[in-house]
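These notes concern the structure reproduced below.
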Amino acid sequence: MTSPTKIGDALHIKSDKISTCEVFGKHIYETTVGKKVYAQMPRLYFVVGYYGYGKTFGVGAYIICKLREQGKKYIYIDINELVNTVGKPDLQLLSLRDVIYYLHYVFNESGVPHERLHKEYKIDTNIENLPNRLELLTKIDYENSNIVKIFNELFSEVSKEPLYIIIDQLEGVTTDLRRSIEEICTEMRQLHDAGKYVYLLLLMQRAKVVKELRTSVPECPKDHPARGISNTYKLTGYKTEDYQKILRNLYDSDEDADKKLLEKLEILPPRIVFELINRSTDLSQLKENLESLLSDTREELYLKVPKNKELSIIVQNFLKSLKLGSYKKYLVK
Numbered sequence: 001m002t003s004p005t006k007i008g009d010a011l012h013i014k015s016d017k018i019s020t021c022e023v024f025g026k027h028i029y030e031t032t033v034g035k036k037v038y039a040q041m042p043r044l045y046f047v048v049g050y051y052g053y054g055k056t057f058g059v060g061a062y063i064i065c066k067l068r069e070q071g072k073k074y075i076y077i078d079i080n081e082l083v084n085t086v087g088k089p090d091l092q093l094l095s096l097r098d099v100i101y102y103l104h105y106v107f108n109e110s111g112v113p114h115e116r117l118h119k120e121y122k123i124d125t126n127i128e129n130l131p132n133r134l135e136l137l138t139k140i141d142y143e144n145s146n147i148v149k150i151f152n153e154l155f156s157e158v159s160k161e162p163l164y165i166i167i168d169q170l171e172g173v174t175t176d177l178r179r180s181i182e183e184i185c186t187e188m189r190q191l192h193d194a195g196k197y198v199y200l201l202l203l204m205q206r207a208k209v210v211k212e213l214r215t216s217v218p219e220c221p222k223d224h225p226a227r228g229i230s231n232t233y234k235l236t237g238y239k240t241e242d243y244q245k246i247l248r249n250l251y252d253s254d255e256d257a258d259k260k261l262l263e264k265l266e267i268l269p270p271r272i273v274f275e276l277i278n279r280s281t282d283l284s285q286l287k288e289n290l291e292s293l294l295s296d297t298r299e300e301l302y303l304k305v306p307k308n309k310e311l312s313i314i315v316q317n318f319l320k321s322l323k324l325g326s327y328k329k330y331l332v333k
């Protein structure tokens, strides 16, 4: 395993019972979703999910853990947070080429310390001399450059070794998401055809995607040559077996969590579940914290239940089913 660099420093932990890796200040645990996305990684992967459903930590951070473990090169950027912090020059951020030029601006022209960007989890990489590599862009004619030429100049090793690029929340900064997706699809096909081992993972907020594209499935356009090297994965949360494994190992216990507890955890966004887990020292306390959360939720919803009798009954039946762990018939597929 390669040692993390100044940008991308992290702690890798292993024990007999569970392997965890610390990314973005949190321990990252292995889940079925993370394993599946990593195992099936095409050249271009759109991973889309609602806020709190494991887009950044369950998928992005888990893949970073695997890449560190296997000594593979990667660049992670939360481009929405970067733009909010650093600002941006006159770039539309429509393509991978635009993003790379923007990284040059961030590292070499913005004046924002690299350490700050790492500490705030906006950038993470294990490429030691990334700022110096990006400086080479000043010698390339931007208007006449293409993505293959840029990678030949900056990352020549991708002809033999893979480079993974993870971009979080591109949909939050691009001026035209549909056009952006099409341009990125074209670029990734060009890199593939040129024999470059570049893998791009786009982590996207589902609500924003639906608003911009009128669909929850971002993908390369129909009949686009990149369709064969791309895929989309929609996040729906973690399964009971994921939580069972994590809880057993985390609390160092041979006791299995009961089925109703696991079913209640399964319906919640993973972000909330892990907040509950981090505040609990054992299964008993986890149950108490969960019931307290659900009780507060039920109370707030009861206060806001519409006066309409039919709708009131539906809401109250759902709350009752949540308490009993029999809520699945209410889920929207």
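Residue numbers (UniProt numbering): 1 to 333. Backbone N, C-alpha and C define an ideal beta-carbon position, used for all residues, glycine too. On a predicted model such as this, the values are computed, not experimentally measured, just so you know.
Residues of the same chain with a CB within less than 8 Å of the CB of Glu-255, apart from the 5 flanking positions on each side, are Arg-248 and Leu-283 in chain order. Nearest Cα to Glu-212 within the set Leu-177, Val-198, Gln-190 and Glu-143: Leu-177. Counting along the chain, the unbroken beta strand (DSSP E) around Phe-46 starts and ends at 44–49. Its chain contains Pro-89 as the residues whose beta carbon lies nearer than 6 Å to that of Tyr-105, once the 5 sequence neighbours on both sides are disregarded; these appear in chain order. A Cβ-Cβ contact shorter than 7 Å links Ile-79 with Ile-167. Taking a contact as a CB-CB distance under 8 Å, the pair Val-209 and Val-47 does not count as one, their CB atoms being some 11 Å apart.
In the three-state DSSP reduction, Tyr-101 falls in the helix class (H, G or I). Using a Cβ-Cβ distance cut-off of 8 Å, the segment 61–68 and the segment 101–117 are not in contact, since fewer than three pairs of beta carbons, one from each stretch, lie closer than that value.
Within the model, the alpha-carbon separation for Thr-56 versus Tyr-142 is close to 31 Å. If you look at Asn-249, you'll find it in the alpha helix (DSSP H) that goes 240–250.
Taking the Cα positions, Glu-171 is about 13 Å away from Ser-216.
Judged by DSSP secondary structure, Ser-230 falls within the beta strand (DSSP E) whose first and last residues are 230–234. With contacts defined by Cβ atoms closer than 7 Å, Thr-32 and Asp-242 form a contacting pair. Contact annotation: Thr-240 and Glu-219 have beta-carbon atoms that are not nearer than 7 Å.
Asp-78 is bridged by DSSP to Asp-168. Secondary structure at Leu-177: helix, using DSSP grouped into helix, strand and coil. The segment 231–239 and the segment 188–196 do not touch, with fewer than three beta-carbon pairs separated by less than 8 Å. With a cutoff of 7 Å on beta-carbon distance, Leu-261 and Lys-287 are scored as near each other. Across the set Pro-221, Cys-185 and Gly-52, the C-alpha of Cys-185 shows the shortest separation from the C-alpha of Pro-42. Under the DSSP assignment, Lys-26 falls in the beta strand (DSSP E) whose first and last residues are 26–28. A distance of 7 Å or more separates the beta carbons of Asp-124 and Tyr-62. Partner residues in the beta bridge of Met-204, as assigned by DSSP, are Val-48.
Boundaries of the alpha helix (DSSP H) harbouring Ile-267: 259–267, taken from the DSSP string. Each of Phe-24, Gly-34, His-27 and Arg-279 was checked against the Cα of Thr-236, and the nearest Cα belongs to Gly-34.
In this chain, the alpha helix (DSSP H) harbouring Ile-64 covers 62–69. Met-204 and Glu-291 have their C-alpha atoms some 31 Å from each other. For Ile-150, the enclosing alpha helix (DSSP H) has its first and last residue at 147–154.
Annotation for Ile-123: the continuous beta strand (DSSP E) segment containing it runs 123–125. In this structure, Pro-269 sits near Gly-52, with a CB-CB distance shorter than 7 Å.
For Asn-132, the enclosing alpha helix (DSSP H) starts and ends at 130–135. Looking at the DSSP output, Cys-220 shares a beta bridge with no other residue. According to DSSP, residue pairing for Tyr-199 in a beta bridge involves Tyr-164. For Pro-131, same chain residues with a beta-carbon under 8 Å away, outside a window of 5 residues either side, are Phe-107, Asn-108 and His-114 in chain order.
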